[in-house]
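Protein chains: 2
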Amino acid sequence: MTTNQRDIRSVVIGIDIGGTNTKFGLVDKEGNCLAEASMPTHAEQEINQYLPRLYENIDILRNQMTVPVDIKGIGIGVPNGNYYTGTVDDAANINWGKMVPLAYLVQEHYKIPAFITNDANAAAIGEMLFGVAQGMKNFIIITLGTGLGSGLVANGQLIYGHDGFAGELGHVIVDPNGRFHGNSNQGVLEAYVSATGIKRTAFELMATMIEPSPLRDIAYNQMNASMITDAALKGDAIGIAAFEYTGKLLGMKLADAVAHTSPEAIVLFGGLTKAGKYLLEPTRKYMESFLFPIYRNKVKLLLSGLEGKNAAVLGASALIWSELEKKGEVK
Amino acid sequence: MTTNQRDIRSVVIGIDIGGTNTKFGLVDKEGNCLAEASMPTHAEQEINQYLPRLYENIDILRNQMTVPVDIKGIGIGVPNGNYYTGTVDDAANINWGKMVPLAYLVQEHYKIPAFITNDANAAAIGEMLFGVAQGMKNFIIITLGTGLGSGLVANGQLIYGHDGFAGELGHVIVDPNGRFHGNSNQGVLEAYVSATGIKRTAFELMATMIEPSPLRDIAYNQMNASMITDAALKGDAIGIAAFEYTGKLLGMKLADAVAHTSPEAIVLFGGLTKAGKYLLEPTRKYMESFLFPIYRNKVKLLLSGLEGKNAAVLGASALIWSELEKKGEVK
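Protein sequence lines, in the order shown, are assigned to chains D and A.
Position one of the first sequence corresponds to residue 29 (the working numbering), numbered consecutively onward.
Position one of the second sequence corresponds to residue 29 (the working numbering), numbered consecutively onward.
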């Protein structure tokens, strides 16, 4: 078998770095993930222990490829990843320390362009290139994981802000006298609307409501958001009320977000969306009620088009594909 | 005296349409207003009565010019003006009705490009081209008049949103159980932070505080924001407390705005800024306290660079200059 120029597929490497696992894959321009693998992040390691392991695992993946590929660039989604500076500064739950020049290090190693951003921004670009936001110039993505992340797109471009840190909707204020929340402010959205937030809500509701519930047999440290989702899906009153309250606060702050950028759609992504209508219906209802009238019945509330489809790796790939496109290096 | 090509100055017409007065002027590319005039809007008139008067008054102004000018385009700031559609839909306090194709009508009359937007967006472009935001790619302007308007710039472009209505920060929710407010929602920012909002605050404070104040001799319907500003500047306890409360709520919602677009600066414009430090200091203090830590001590809080300098006309002129620049019709 001979290989000619036409058989070589142009791909990028998409890398998603989380506190527990690092996922990576080879993705073509249409968003097809040709190969994917993962490795433990070992968050306690330093960056100079982490990177050689990453390179080695990527080499293994490349060597397993049965079609010839030309790797055009590398996109990385990482907590606190700064698009402008290419640095990672005190990534949550990862022991790399301050101002690690991740984009530079990876670019030097592979001698091809490398860009980084945080995971929610990568997800936004992923939805725009490969997901439900294809063709949209103005939309917002909300990622509901352990915390609440967000990415805002306006005029067809991701909003990075002057410092690369735009789009932290997990840290808008719901109630200045509300819940305490790690190293953020009291009463921020993430303290209510996230996997950890809904757990706190469920415990509040067990105190105020009187209905029996299987959730009452689970201790705080043993409970997680999946259990509340399961309870809601089985019709449990406390589970449903927890999602109603979550949707109310999310809807109120999404109405605020609409007054900022007037998006065509808001895309919800992540674990809590598994509750389906129990999350979507209150979110939509309260968002509409809090919207300034000129915005009502115009903003689509959508579920991610990438969920379950190597979403994080696709997002990181989309970041670098969009950069290569800007530079005119691909059409 | 002969006129050659070099003596002809390129200008645009900037028009600011308010409920009471319409101001217009001829403005060059450096933001010099070569001539300016105004006429009563007569808001009770229909558009086909209004426009002939406007054209006539603009002709008078042109004929008064002693230097030859070449008019390149027309920019208009008008309540509810939609940049995308060129239409004005139910402008507040103006009796034009629904979906008036203002940009089209003016463009047909003069046979040169005409663009419209709302007054706060025009102010944002004005600050970017001629004011304190020159060279900034990411900033927000807040206009404090009878209501609260705003314009958001990200990646060097005004955010119009998918429908042209982005940037209505007057209608974000401060307190869902708060003050009623015309045809907006209960507890929106504008009900607190605006000329009408601070008046309501002063009356609340006269009820809760016990300090004597000259404001206690003025009836609700006779009071205006200037009186509260004057009182604060003279050290009146209620006047100062009214600005403190106004700055607290403004600061809290500006912290939310920063979490959306991470601007380099927030520019304050309009009547309430005459209170100087009594507005700026609490706004800055509370904004900083409500900011997510990564944003602290980075966002400049500035006063408009256009205040008193035909600001509204300059803003409308900046709109059309920026459009002509996009089209490559001027350098």
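Ideal placement from N, C-alpha and C gives every residue a C-beta, glycine not left out.
Is any beta-carbon of chain D found at less than 8 Å from that of residue i?
i, result
"ALA350/A", "Residue identity check: residue 350/A is Ser in the sequence provided, not Ala. Closer than 8 Å: no."
"VAL221/A", "no"
"LYS326/A", "yes"
"LYS165/A", "yes"
"THR289/A", "yes"
"PHE143/A", "no"
"HIS70/A", "no"
"GLU196/A", "yes"
"GLU335/A", "no"
"MET29/A", "Because MET29/A sits at a pLDDT of 45, beneath the cut-off of 50, its placement in the model cannot be relied upon, and the point is left open."
"PRO310/A", "no"
"HIS137/A", "no"
"PRO107/A", "no"
"GLU58/A", "no"
"GLY189/A", "yes"
"GLU292/A", "yes"
"ASP284/A", "yes"
"SER212/A", "yes"
Within 10 Å of its beta-carbon, does residue i have 16 or more other beta-carbons around it, so buried, or fewer, so exposed?
i, result
"CYS122/D", "Here the sequence assigns Ile to residue 122/D, which means Cys is not the residue at that position. Its Cβ being crowded by 16 or more others within 10 Å, ILE122/D is buried."
"PRO242/A", "exposed"
"ALA148/A", "buried"
"GLU351/D", "buried"
"LYS126/A", "exposed"
"ASN91/D", "exposed"
"ASN249/A", "exposed"
"LYS227/D", "buried"
"PHE271/D", "buried"
"ILE88/D", "exposed"
"ARG312/A", "buried"
"VAL128/D", "buried"
"VAL106/D", "buried"
"ALA339/A", "buried"
"GLU155/A", "buried"
"PRO164/D", "Note that residue 164/D is Met in the sequence shown here, rather than Pro. Buried."
"MET93/D", "exposed"
"ALA346/D", "buried"
Please state whether the Cβ-Cβ distance between residue i and residue j is less than 8 Å.
i, j, result
"TRP349/A", "VAL40/A", "yes"
"VAL295/A", "VAL160/A", "yes"
"VAL341/D", "GLY42/D", "yes"
"TYR188/D", "THR229/D", "no"
"ALA253/D", "GLY304/D", "no"
"ILE99/A", "ALA142/A", "no"
"LEU197/D", "ILE170/D", "yes"
"LEU277/A", "LEU217/A", "yes"
"GLY109/A", "ASN146/A", "yes"
"ILE144/A", "ILE86/A", "no"
"PHE167/A", "GLU292/A", "yes"
"GLY343/D", "ALA63/D", "no"
"ILE201/A", "ALA283/D", "yes"
Just verifying my parser: in three-state terms, what is the DSSP assignment at residue i?
i, result
"GLY177/D", "strand"
"GLN185/D", "strand"
"LEU334/D", "coil"
"GLY105/D", "strand"
"GLU64/A", "strand"
"LYS51/A", "strand"
"ALA287/D", "helix"
"ARG244/A", "helix"
"ASP56/A", "coil"
"GLY267/A", "helix"
"MET29/D", "Here MET29/D scores only 46 on pLDDT, less than 50, and its place in the model should not be relied on; the value that follows carries that caveat. Three-state result, MET29/D: coil."
"VAL341/A", "helix"
"ASP87/D", "helix"
Against chain A, does residue i count as a neighbour if the rule is that its beta carbon must be under 8 Å from one of theirs?
i, result
"PHE318/D", "yes"
"ILE201/D", "yes"
"MET280/D", "yes"
"ILE36/D", "no"
"LYS51/D", "no"
"PHE208/D", "no"
"LEU180/D", "yes"
"GLN77/D", "no"
"SER66/D", "no"
Using a Cβ-Cβ cut-off of 8 Å, state whether residue i counts as contacting chain C.
i, result
"TYR323/A", "The structure shown contains no chain C; its protein chains are D and A."
| message | Using 8 Å as the cut-off, can you tell me whether the segment 75 to 87 of chain A makes contact with the segment 44 to 62 of chain A, which would need three or more C-beta pairs spanning the two stretches below that distance? | response | yes
| query | Counting pairs of beta carbons, one from the segment 203 to 220 of chain D and one from the segment 307 to 323 of chain A, are three or more of them closer than 8 Å? | reply | yes
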